[in-house]
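Written below as structure tokens is the structure these notes are about.
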Amino acid sequence: MVALQAKAHPLPASIANRAVPPFQNSTSTSAGNAKQLLISFQNNIGPANAYITGTDSANRLAFAQRDGNLYVPSVQGPTSSNVGIDITIPLASSSSNLTSRDTKTTDLTLNGYLSGARIWLAANGELELNTVPGADGPSLVEPSVANAEDPSAHTNWGFVEFTTDPEEGLTADISYVDFVGLPLGIKLESATGNVTQAALGVTANAVPSICTDLQNRAAIDGQPWDKLCVVDNSTGSIIRVIAPQDYMSQNSSAFQGYFEGYANEVWQKYATTPLTIDTQSASGTVNCTVANNQLSCDGDNRPYSQPSSGDVFGCASGPFTILDTDNDIHRAVVPRLCAAFNRATLLLEGGNFQPFANESGYYSTSPTNFYSAIVHQHEIDGVGYAFAYDDVTPNGGSGSAGLVMDSQPIKLTVIVGGIDQS
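Start counting the sequence shown at 0; every next residue gets the next number (numbering that gives the first Met the number 0).
In structure tokens, the structure reads:
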């Protein structure tokens, strides 16, 4: 296990890297003709706070206030600063005791569209969300999952991701790509036949249980799976579990060589046998073969070198980097290839066709992404992103990502504290 350490993270690239028009004055906006989304917080754990951030319809950083209206912060100073108003949304609770499982509900109607948005939840404490100035306006400074100096380091927190759109409606998910912390789940009710979709997330006691499984795995293969468990030094208890790529960012020797032998075997196999990848798009299926130690796919604008362990866990570096100039085939191959490495399906029978058709075969051989495998084992319904491309699904498959979406949403319920399965 490791004590809290590491870095502060900026807003995800989907928001922070956008071209945001400059603006000077703080404004509170309510789009009169915008679809109003009812967000219902089902609080199972006692004192908790919510925060909602995203990009508004004018491509500006925005925060939801307690009344559901959006607040756009002003450009402030040369350094990081607070948001400017209190954006905390206190959740109703029945007890000051975090072990209480009595449920209380808080409703908020979101006025206006938000893209690349997050609903942040914190148990028995507050998150510090700051802004940092930029050439095109402020962007968000997120709390860090591993920084001992972060103001929120000793707070148990998590988030739900969502986007609302005039045409597409609502898309939402729960993500454990970087860490497992405060257990969260979501339910989406639709106006089209009152259909309910759900991604219930990890169980209420998932964090210590996941750590036990990771410790057992570390004892088997000698890899630092147990070090992914983050100890809050103020209490001595495990507060969250971080993903391998986050741990590796602070411990460069961790998992060194873990996937490299597997990658060698994959490259050897597909030097003589074509790897067929279904792009699940207009490009159809493409054949890929290895020559001169690079994997090349028909119609792809760039070949792929062998990935390192860090490349596999993160899916965003080395051969899995996606450039602005990459064509549609490359953009389709990258997620499917990285998913196949994380799930260790490339050397299985039938693994020469990706996405791999037999979802029960995921994580069935070593090396594999045991963080992802174990997280899924502790999810109530087995879904919720556990690595970046966990939404790669074979045609007709059930999927692992836990995306919920509907063009006519009625209500998004956020379950705070998880569901007790004991």
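All C-beta atoms, glycine included, are put in the ideal place defined by N, C-alpha and C. Since the structure is predicted, the reported quantities are computational estimates derived from the model, not experimental observations.
Three-state class that DSSP yields for residue i in the structure shown
i	result
L345	coil
V265	helix
P223	helix
T162	strand
E125	coil
N110	strand
E167	coil
N96	Because the pLDDT at N96 is just 49, under 50, the model does not fix this residue reliably, and the point stays unresolved.
Y384	strand
E148	coil
Q353	strand
N368	coil
I209	helix
C337	helix
D310	helix
I373	helix
I328	helix
Y70	strand
P408	strand
8 angstroms Cβ cutoff met for residue i and residue j
i	j	result
N48	A121	yes
S39	T104	yes
L113	A61	yes
S262	A315	The question names Ser, yet the displayed sequence has Ala at residue 262. Contact: no.
N110	Q35	yes
A307	G317	Sequence check: residue 307 is Ser here, not Ala. In contact: S307 and G317 (Cβ atoms closer than 8 angstroms).
G398	V201	no
Y269	P366	no
A171	L187	yes
A197	V403	yes
H153	S92	no
D220	S282	no
A339	S280	no
Integer-rounded CB distance, given that residue j should sit under 8 angstroms from residue i
i	j	result
I237	D177	The Cβ separation is near 16 angstroms, so there is no contact.
V159	I173	6 angstroms
I185	I414	7 angstroms
P46	N155	In fact, because the Cβ distance is near 11 angstroms, the residues do not count as touching under 8 angstroms.
D225	L213	5 angstroms
A400	Y384	5 angstroms
G53	G136	Incorrect: roughly 14 angstroms between the Cβ atoms, too far for contact.
Bridge-paired residues (DSSP) for residue i
i	result
F178	I241
T284	D277
T52	F62, R117
T104	Q41
I379	BP columns for I379 are empty, so no partner.
Y303	L294
V131	S138
Cβ of residue i within 8 angstroms of any chain D Cβ
i	result
D66	No chain D is present in this structure, which holds just one protein chain.
| query | Should the segment 319–331 be called in touch with the segment 246–257, which here means at least 3 C-beta pairs below 8 angstroms? | reply | no
- Please confirm if the segment 289–301 is in contact with the segment 347–360, defined as three or more CB-CB distances below 8 angstroms between the two stretches. Counting Cβ pairs under 8 angstroms, fewer than three are found: no touch.
- prompt: Is the segment 363–379 close to the segment 328–343, with three or more CB pairs under 8 angstroms?
  reply: yes
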